[in-house]
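Heads up, the thing below is written out as structure tokens.
Protein chains: 2
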Amino acid sequence: MSENKYVYFFGGKQAEGNGSMKNLLGGKGANLHDMNLIGIPVPPGFTITTEVCNDYYKIGKDETVKIIKPAVEAAMKQVEAAVGGPLFGGAQNPLLVSVRSGARASMPGMMDTILNLGLNDEVVEIIAVKSGNPRFAWDSYRRFVQMYGDVVLGMKPESKEDHDPFEVIIEEIKEEKGVELDTELKVEDLQEMVKRFKAVVKEKTGNDFPTNPWEQLWGAITAVFDSWMNDRAIFYRKLNNIPAEWGTAVNVQAMVFGNMGLNSATGVAFTRDAATGENIFNGEYLINAQGEDVVAGIRTPQQITLEGSIRWAAQQGITEDVRKKEYPSLEETMPVVYKELFDIQNHLETHYKDMQDIEFTIQDGKLWMLQTRNAKRTGACMVRAAMEMVAEGMISEKDAILRVEPEKLDELLHPVFDKAALKKAKTVAKGLPASPGAATGQIVFFADDAEAWAAEGKKIILVRIETSPEDLRGMNVAEGILTARGGMTSHAAVVARGMGKCCVSGAGKIEIDYKTRTVKMSGNVYSEGDFISLNGSTGEVYEGKITTMSPELSGYFGELMTLSDKYSRMYVRTNADTPHDAAVARKFGAQGIGLCRTEHMFFEGEKIFAMREMILADDEAGRRKALAKLLPIQRQDFEGIFEAMDGLPVTVRLLDPPLHEFVPHEEENQKEMAKEMGISYEQVKRKVESLHEFNPMLGHRGCRLGNTYPEISEMQTRAIIEAAMNLNKKGKKAIPEIMIPLAGTKKELEMQINIVRRVAEEVFAERGEKIEYLVGTMIEIPRAALTANEFADVAEFFSFGTNDLTQMTFGYSRDDIGSFLPIYLDKNILKFDPFQVLDQEGVGQLVRMGTEKGRSVRPNLKVGICGEHGGEPSSVEFCHTVGMNYVSCSPFRVPIARLAASQAAIKEGK
Amino acid sequence: MSENKYVYFFGGKQAEGNGSMKNLLGGKGANLHDMNLIGIPVPPGFTITTEVCNDYYKIGKDETVKIIKPAVEAAMKQVEAAVGGPLFGGAQNPLLVSVRSGARASMPGMMDTILNLGLNDEVVEIIAVKSGNPRFAWDSYRRFVQMYGDVVLGMKPESKEDHDPFEVIIEEIKEEKGVELDTELKVEDLQEMVKRFKAVVKEKTGNDFPTNPWEQLWGAITAVFDSWMNDRAIFYRKLNNIPAEWGTAVNVQAMVFGNMGLNSATGVAFTRDAATGENIFNGEYLINAQGEDVVAGIRTPQQITLEGSIRWAAQQGITEDVRKKEYPSLEETMPVVYKELFDIQNHLETHYKDMQDIEFTIQDGKLWMLQTRNAKRTGACMVRAAMEMVAEGMISEKDAILRVEPEKLDELLHPVFDKAALKKAKTVAKGLPASPGAATGQIVFFADDAEAWAAEGKKIILVRIETSPEDLRGMNVAEGILTARGGMTSHAAVVARGMGKCCVSGAGKIEIDYKTRTVKMSGNVYSEGDFISLNGSTGEVYEGKITTMSPELSGYFGELMTLSDKYSRMYVRTNADTPHDAAVARKFGAQGIGLCRTEHMFFEGEKIFAMREMILADDEAGRRKALAKLLPIQRQDFEGIFEAMDGLPVTVRLLDPPLHEFVPHEEENQKEMAKEMGISYEQVKRKVESLHEFNPMLGHRGCRLGNTYPEISEMQTRAIIEAAMNLNKKGKKAIPEIMIPLAGTKKELEMQINIVRRVAEEVFAERGEKIEYLVGTMIEIPRAALTANEFADVAEFFSFGTNDLTQMTFGYSRDDIGSFLPIYLDKNILKFDPFQVLDQEGVGQLVRMGTEKGRSVRPNLKVGICGEHGGEPSSVEFCHTVGMNYVSCSPFRVPIARLAASQAAIKEGK
């Protein structure tokens, strides 16, 4: 066991610890010490360190208790001295204490608090006499027995469906007495309750309820340590990436009682509005109550401020008379204490320079602070509070930027469900939160139907086993997309995010039957036309309609974005394939397009016919004929995009997906195609079969297409260059950057670059003028990163395609990880989905290597990222440290990336 | 233009160059200089350097001629001096010359030789007079016009189907004259021939045939330079990895004439038997002939030695009387010249310390050597000659080892077609040479039929679109396998090589129809039961039966192997899944198994049912039940393999392929399976569908299976450990090494290793004893190589799975590369198929990184390779330089790998 100090005392404006000691004393403990030091009234107590917790897991319970016992006893003596009179375990004037866990990071619900520790049959009588309030004494006692029984003695049932035996007894007694509220119970009822509580403890555990206060205390302390390794805590840590080695501290404090009568109360409050960020003190309290009563929902809590109270009453439809009588504010009921509380919250916010979430108790007219911590808040609140604190001079611009969690911005950009409506909703399935937002609509299963129904003004949800480019038009008109297969970077997910459209993907348990046009979820069958709702931010699927609300972008949001850019080194581009997406992204501050996929264009309208004609062609001449039809259409597409990005660079990637994605795979559609093309069904079928690949992801795609059918690259280059020149003619400015996909050897890249340069020169010669353009490459194959020095010989820019790079570096198919990724995350084999969060350890090595090798040959090489990771904050930070010039992400991630880029630059400077 | 010496003279035992100057003078040129220096009679001449050729491509024809003209003219004067009399272009006593190309490496057929240059209508008459042999003069003239017309003036048709206009004329005249052989033509016929030749030149080229000898010479010289870039030369260079920058030299030599009458002759010879390696001088000659007559097949060439002549006659069924009269040996016809030739060939072999391939001409009783070079030879010859030369003290052991091309050993290990029978065979398709050897048999399309037919004693060829593990038993009984799809590392190819069985894979143009049980090849339809033959060494498919012959392994082969091991640092293991394969490999010198794939075992006999039962199980309990049935069978399999490898280590890889490989995909088979398993067809169908993956190569396989279904790894570990202990009980020695496949993170590897160690300890506890075993991992995912330092923390050995590593590093699916790899090789985007030859530049970086990072943590880490590359010589050499402990390859590649490993060690030492 370490020989450091085990126990830190605080009390009476003195403290052995301070606010900077969160690692050792936990968050709650450090702030308790801190509040003492700045003169805020806190019940005296002591903190057992997190190191003791770690040792506890090494040397065991008995040894730990033996070693820290002297220190705990000494600290308890200090507490007794600070409260001046009552002694813990004392016979005349007994001291009661609370025991609370407190880890370095807040872990709500890890272990419940134990209040009123030290009570037994003798002590309760003394307190009844000394307080002159037997009801208070017995109320405290029955609360203690229940809490201790649940938390320390393990009486709390594992499952929520099972009944807490204590709650059962409470209900029994209330029924026997014919009362509804706890407060209506009399002293003798509470005495009976304690009796029955102890009996049930004896029955279930085989032991008598402990009566010795010190035994109670050690039981509680070790229960806190044990709770560090309970399932809930392990799960929470995994979810929040908290290492088990951190351990938890234990805080033991002299009790103060909010349940001592009508001059006592307990409450929680926020220094600002945690929903909107408005700088307004707010919170709730209950008179004559203790601990969790405020949030337990048994009694309706009252507002702390008068203003808040009036506002609340209006919302609830309660008249001012009723409000004043039944729900008065603390400002009204205890104006002096309120004034003190108001000053303290101001003091705390100024002291911590952040919005606080505080807990307090008023014991017989005296205010005690029990906790303060930085408040959890919504994205909107986070942005507004940060920006206002800058304006107030409380924090610096850099700190404001660092304080906003980039992911939280997402909340500001997408529709959300109305909270009240959501409460009543029934969850019927769960998938991956593939694209955020909320959506409600009628089920359709086919893209064609989606278009037809949408044309009739219906709101629809497209439900598919998986989506393919053929579904694009249907996805475009849908409110949301639900798929049974595919991960966070499946086709559906990627496209939906690009569109800023809600999507739940990989809901593996739903059973879709295209034939009967039904989907089975949680045992119910839903047919085409039935309403469902999706939450793309959580992956939940609900039955029926749920009202959605569109969030408004506040001025604070714009301010934050401007401020972010001020400190960024990298800039942010967007992945956009249409003028509409490009315009949306530009509105969000994108400084160009980092990835314009040309393949999606081929699916719109009549283009698919020409594309298929090309695929069906038996020779180059046939392909050229079909490509000639595609040329003007592609050129027009590019003109639209260049126009939307007027003056900003647009990186156009040449054709990437395997050709089989452009042909239908079902007999019916193949027959239709045959008819359209004027050829036999067998011909179509044979061609489609010949395009089949076992592992299309590793097959004939990317520049492998461009090198086997150079005429495709020629056509696309011509379309790009001509479109740019046409746009410039209109007085606008196109800045094309042509990008070669999937190059794995310098030679294949070089062949494509040669085609691009040759065709560009041809166009220049035809038109008698030239424009500037760049030719570069995706780095998305491990071999490309490994030999990037060679690539940089011929490429003018690199863009890391980390989706494919992750696939090949891990050997994971994005479309097939559903069968093992959830298990891998569950077993902690993977800390995160590497398609969402860039794997810095493995894939990151290749990204760094690729960048460094590239720049070793071409020092000013422009380097960016266009994989999905370009919009994920930790990945953006990594891109910054690698030295990239920009990140590119889907339009709705642009603000997140801008903030993350700024934070990366600020962190680096620190 | 470089200012080095352009032209090097040789003649009269003097030479400006020597044998070490192959880079500058080409192989032929350097040896001509060399022969002069060692006193061998060579017609005087000069060599224009390869540097001039390179300059020619920079500065062009006119400039080149201008610059080198003085040097050529000066050298020609030296030649005139050396021959003592005749002058080039001289009116009284004209000198004729030959012009030959000569690159650094021999490039047969790049450019034809031009003989008799300097002839025109005047010169021919002078020579007729001076030689007293007008027929000789005109025969030489007509030969010259034809050769010059074909080679320099471009009269030779591009396609073999088109007629050479000169040949047409020869046939016309022979017909007019009613003769069959050229030698029967009279002087006036030859004169007429020259006249018509010149007319056709004028007609086709628009120009008169050049009469000025110098103009002829410059035409010939520049034609040699031009030929360096003709299609044939480019193709040959690509095939043999010869850089274009090497250029070709030009050799101009005074003519000597083998066609000057009955005391003249020309011939080719080998210092040893190029087929068997027997140390016996042999060759062919023709009296009164020139140049290519010997090999052209118009006249039957005669043997040089008496012994050879007698042997030849016996083979041809020719009586000794006829032989003596019509086909006497040179030893008989010109015994003095023969003696001189015999001494010279001895001299040359001793001088070059290698078997020589020589050309000579006898002019009027005087012997002239025209060329000597290291002879091309068969594998058998290569081995025998090398070993005998060591015995003769001619070369060192190391040189003998270096001299054998490892790939050539393959010829010694597999059946080959009878050459005579092959000549008559009709090629009907071409695929990839997937597994060497020759096979003849009847077509069957299904594995079941293969087994049934083979049971009847029929020899069969299994013809499939592609093979899967379901076909294993059928493959095992087949003589050979032909597939329409799949590359060199497709399932069919890998398995066939493992079995040492002939296979042609990816014959893309054949059309297989399983329904009608027919295959269409080259327009013909072949049915089940029809005979075809496969050459797995070339990829050719023939119609009908062709006799095959099994080669005998000579004692020289064993000697070479023993000698190789003496100098190797790495040792060689084998990839074997059955006791039979293991035994074969052991016979070939394998020192253990580097890869035993357990999955193949599941397909034999009844095992597949238990395997399918496991796959169909809905929960762990069901899987465990099925696995319990598999345990004893697997244990028995392992015992067999351990026994075959008694005393040598056996690396067993845990289950690797995705589960869908074990279930049938066709309705009929699914119904059968349902019946066998006693469940509904729909259940089977649904399960198989649920196992479908878009990219199975990147899906749920390898240790991902073992980590999602740990019970599989448990069963396999138990089977391995128990089998090893059982075998040891029998007094034998099993050395198991358990290998985890497809690990990409340390954590997933660690979880598997923990399972292995736990189960092993369980077995040890049950049996009350322990055995030694290792646990290690495949390094086959790029991320594994990148983070190999972490892997080495927990793995006791690494085995590079370069098949998968290549797939993921390049992003190529082995099964799908057929659509672009041939084009990539053709366009020289790839220099070689990276699945055959390890890509040292890209994949090699990961191999090196993985090895170094692994050893940085565990310095004595055992490292090997078990991908297909482990049997490819250049890859084996790479593995040596990386510092691997061993390579592992299919049984029939073991000798090749042993030799390659030895060569690598010797080369490193040099």
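If you're matching them up, the sequences are chains S and D in order. Counted the way the numbering used here counts, the first sequence spans residues 1 to 910. Counted the way the numbering used here counts, the second sequence spans residues 1001 to 1910. We put the CB at the ideal spot given by N, CA and C, even for glycine.
Query                                                                                                                                   : Result
Residues near Leu1306 of chain D in its chain [Cβ-Cβ closer than 8 Å; skip 5 each side]                                                 : Ser1329, Glu1331, Glu1332
Contacts of Pro1782 of chain D in chain S (Cβ-Cβ under 7 Å)                                                                             : Pro782, Met808, Thr809
Simplified DSSP assignment, three categories, for Asn1803 of chain D                                                                    : helix
Gly1842 of chain D: contacting residues in chain S (beta-carbon distance under 7 Å)                                                     : Arg783, Leu786, Thr787
Rounded straight-line distance, which links the Cα of Ser564 of chain S to that of Asp839 of chain S                                    : 25 Å
DSSP beta-bridge partners of Glu359 of chain S                                                                                          : S:Val268, S:Gln371
Selected residue, minimal CA-CA separation from Gly441 of chain S, among S:Lys907, S:Trp218, S:Ala478, S:Asp449                         : S:Ala478
Three or more C-beta pairs below 8 Å linking the segment 1852 to 1871 of chain D and the segment 1534 to 1550 of chain D                : no
Gln683 of chain S versus Tyr1514 of chain D: straight-line alpha-carbon distance, rounded                                               : 18 Å
Nearest residue (CA-CA) to Gly1011 of chain D, options D:Ala1081, D:Pro1436, D:Ser1020                                                  : D:Ala1081
Simplified DSSP state of Met1561 of chain D, which is helix, strand or coil                                                             : helix
Continuous alpha helix (DSSP H) assignments of at least 4 residues falling wholly in the segment 521 to 575 of chain S                  : 555 to 567
Where Gly1480 of chain D falls: helix, strand or coil (DSSP)                                                                            : strand
Coarse secondary structure for Arg377 of chain S, derived from DSSP in three states                                                     : coil
Short CB-CB distance (under 8 Å) between Asp816 of chain S and chain D                                                                  : yes
Any alpha helix (DSSP H) of 4 or more consecutive residues that is wholly inside the segment 606 to 676 of chain S                      : 607 to 616, 620 to 644
Close Cβ partners of Gln1670 of chain D (< 7 Å) along its chain, the five nearest in sequence each way excluded                         : Pro1664, Tyr1681, Val1684, Lys1685, Val1688
Cross-chain neighbours of Arg1704 of chain D in chain S, by beta carbon under 7 Å                                                       : Phe820
Contact the segment 453 to 468 of chain S vs the segment 394 to 412 of chain S: 3+ CB pairs below 8 Å                                   : no
Minimum C-alpha distance to Asp1530 of chain D - residue among D:Val1584, D:Phe1445, D:Met1611                                          : D:Phe1445
For Phe1445 of chain D, three-class secondary structure by DSSP                                                                         : coil
Proximity below 8 Å, CB of Gly29 of chain S to CB of Ala249 of chain S                                                                  : yes
Beta-carbon neighbours of Ile823 of chain S, restricted to chain D and to distances below 8 Å                                           : Asn1707, Thr1708
Alpha helix (DSSP H) runs contained entirely in the segment 790 to 843 of chain S, provided each spans 4 or more residues               : 802 to 810, 821 to 826
Coarse secondary structure for Asp1121 of chain D, derived from DSSP in three states                                                    : helix
Selection from D:Pro1070, D:Ile1068, D:Leu1119, D:Arg1100 that minimises the alpha carbon distance to Gln1092 of chain D                : D:Leu1119
Inter-stretch contact (C-beta, 8 Å, three-pair minimum) for the segment 1193 to 1201 of chain D and the segment 1064 to 1084 of chain D : no
Cross-chain neighbours of Lys747 of chain S in chain D, by beta carbon under 8 Å                                                        : Asn1828, Ile1829, Leu1830
Cutoff 6 Å; reference Phe1225 of chain D; Cβ partners in own chain excluding five residues on either side                               : Cys1053, Tyr1056
Nearest-angstrom beta carbon gap, Pro210 of chain S and Gly219 of chain S [assumed within contact, 8 Å]                                 : 6 Å
Classification of Pro335 of chain S by the beta-carbon crowding that lies within 10 angstroms, buried from 16 upward                    : exposed
Contacts of Leu595 of chain S in chain D (Cβ-Cβ under 7 Å)                                                                              : Ordered by position in chain D, no residue passes the 7 Å Cβ test against Leu595 of chain S, which lies about 18 Å from the chain.
Integer-rounded CB distance, given that Gly589 of chain S should sit under 8 Å from Arg573 of chain S                                   : Going by Cβ atoms, the distance from Arg573 of chain S to Gly589 of chain S rounds to 10 Å, so no, they are not a contact pair.
C-beta neighbour in chain S for Tyr1681 of chain D, strict 8 Å                                                                          : no
Cβ-based contacts, 8 Å cut-off: residues of the segment 390 to 401 of chain S near chain D                                              : none
Boundaries of the beta strand (DSSP E) in which Val1252 of chain D is found, first to last residue                                      : 1248 to 1254
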